[in-house]
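One line per chain: the protein sequences are A and B, in this order.
For the first sequence, position 47 matches number 54 in our numbering, and the numbering has no gaps at all.
For the second sequence, position 66 matches number 73 in our numbering, and the numbering has no gaps at all.
Even for Gly, the Cβ is constructed at its ideal location relative to N, Cα and C.
Please read the structure below before turning to the comments.
Protein chains: 2
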Amino acid sequence: MINLDDIDIKILSLIQDDACKSNSELAKQLGMAPSGILERVRKLEKKGVIESYNTRINPLALDQKLLAFIFIKSNESFGSMQLAEDIANLTEVQEVHHIAGDDCYLLKIRTTDSQSLIQWMRESLGKLPGIVSTRTTIVLETLKETSHLTIPKADKS
Amino acid sequence: MINLDDIDIKILSLIQDDACKSNSELAKQLGMAPSGILERVRKLEKKGVIESYNTRINPLALDQKLLAFIFIKSNESFGSMQLAEDIANLTEVQEVHHIAGDDCYLLKIRTTDSQSLIQWMRESLGKLPGIVSTRTTIVLETLKETSHLTIPKADKS
DNA sequence: TGACTTTCTGAATATTGTTCAGTAAATATA
DNA sequence: TATATTTACTGAACAATATTCAGAAAGTCA
């Protein structure tokens, strides 16, 4: 579908964990002109290879001390995604996945604390139609949390 | 612990989903001098409020079509985190959480496909000591996946 | 072969990052 | 209260970078 050459891979490797790295520095490290790099990056953006540039913020700094995963069973007719879309629209929800096994969604959510989670489940999640049951898993401690992808060494064209 | 004022909050709001936004533009939008913005951003980095600047890459572009969550039960003595650290060191693993309930870890992992997942579980995960059992959940479809935090409107001081 | 596209360079220019001296307000100190 | 000290910011100066663009070289296609 999308074909990335050696140089694209190197660019991605270099900017994945340093989104603000300058084109000039990329150019130096790859032995190219900055304008050439810029053109490639623009193309990677247009192709959808680069999805976004994000600043990762410490959740504790915003008083979001609680992280939880919630499994949700729905009674929607198969193929309908209304519930999942409704859930995805709730800002506290970071992830919504449709998972294998009994009509289930898995979502990842951050709130201030367990009280605010309960409150959120009653006032936001609970109002959505189609939920049959939920199973909540509270995170006690996070050892690793990244969106970093493992990038292969090189693949030429 | 960390005190953020109104301006800090606005800065974080503006750069959370646009890591490369220029200081000058931030300055314009906040009615400040670029140098003042720079000073605040540097301070947010030093305080650990800003953790990193990431480029989000489309996993499909790197042929990582499979996303899975794996629950792992360990037989480690309580308080030891050796297994969790070992798991966190595996590059395919994006997240490792210590979760409430029977000595369990939850991890998030990306691989090329289900075959490569099986292979990874045998050759990488399976070699780590301390694993009693695993339960794997395959993601069929992802509707939302972000590390975006909900930022409060304003809080003055 | 010839037209076309892709990818890159290198120069020119606009924009931005960064440093720094100085100011004003807030806070601490005596 | 009067006096330091710190903090947060401005605005100017300079260095670095982003961006545009014409043109060259190589590849592609008919």
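Asked                                                                                                                : Found
B:Ile125 classed as buried or exposed, judged by whether at least 16 other C-beta atoms fall within 10 angstroms     : exposed
For B:Val100, three-class secondary structure by DSSP                                                                : strand
The region 101-121 of chain B contacting the region 144-155 of chain A, beta-carbon criterion three pairs below 8 Å  : yes
Exposure label - A:Lys163; buried when at least 16 CB within 10 Å                                                    : Low confidence applies to A:Lys163: its pLDDT is 41, below 50, so where it sits in the model is not reliable enough to give any reading.
Short Cβ contact (8 Å threshold) for B:Leu11 with A:Ala91                                                            : no
Any chain A beta carbon closer than 8 Å to B:Thr149                                                                  : yes
Length of the line joining the Cα atoms of B:Ser31 and B:Ala40                                                       : 8 Å
Distance CB(A:His104)-CB(A:Asp24) smaller than 8 Å                                                                   : no
Contact set between A:Thr157 and chain B, taken where Cβ atoms lie within less than 7 Å                              : Thr98, Glu99
Nonlocal neighbours in the same chain, by C-beta distance under 8 Å from A:Ile94, ignoring five residues either side : Ile79, Val100, Val103, Tyr112, Leu114, Leu132, Leu135
Rounded straight-line distance, which links the Cα of A:Ile77 to that of A:Asp70                                     : 20 Å
Under the three-state DSSP convention, the category B:Asn61 falls into                                               : strand
Spatially closest choice to A:Ser20 from B:Asn65, B:Asp120, B:Leu33, B:Lys17, by CA coordinates                      : B:Asn65
Proximal chain A residues relative to B:Leu19, where beta-carbon distance stays under 7 Å                            : Ile64
Rounded separation between A:Ser84 and A:Ile138 - CA only                                                            : 12 Å
Exposure label - A:Ile22; buried when at least 16 CB within 10 Å                                                     : buried
C-beta neighbour in chain B for A:Ile116, strict 8 Å                                                                 : no
C-beta contact flag for B:Leu150 and B:Arg117 at 8 Å                                                                 : no
B:Ile44 burial status per 10 Å Cβ neighbour count (16 or more: buried)                                               : buried
Alpha-carbon spacing of A:Cys27 relative to A:Lys53, whole angstroms                                                 : 18 Å
Buried or exposed by the 16-neighbour rule on C-beta atoms within 10 Å, applied to B:Gly63                           : Reading off the sequence shown, one finds Arg at residue 63 of chain B, where the question assumed Gly. Buried.
Amino acids of chain B, ordered along the chain, whose beta-carbon sits closer than 7 Å to that of A:Asn30           : Chain B residues near A:Asn30: none, gap ~11 Å exceeds 7 Å.
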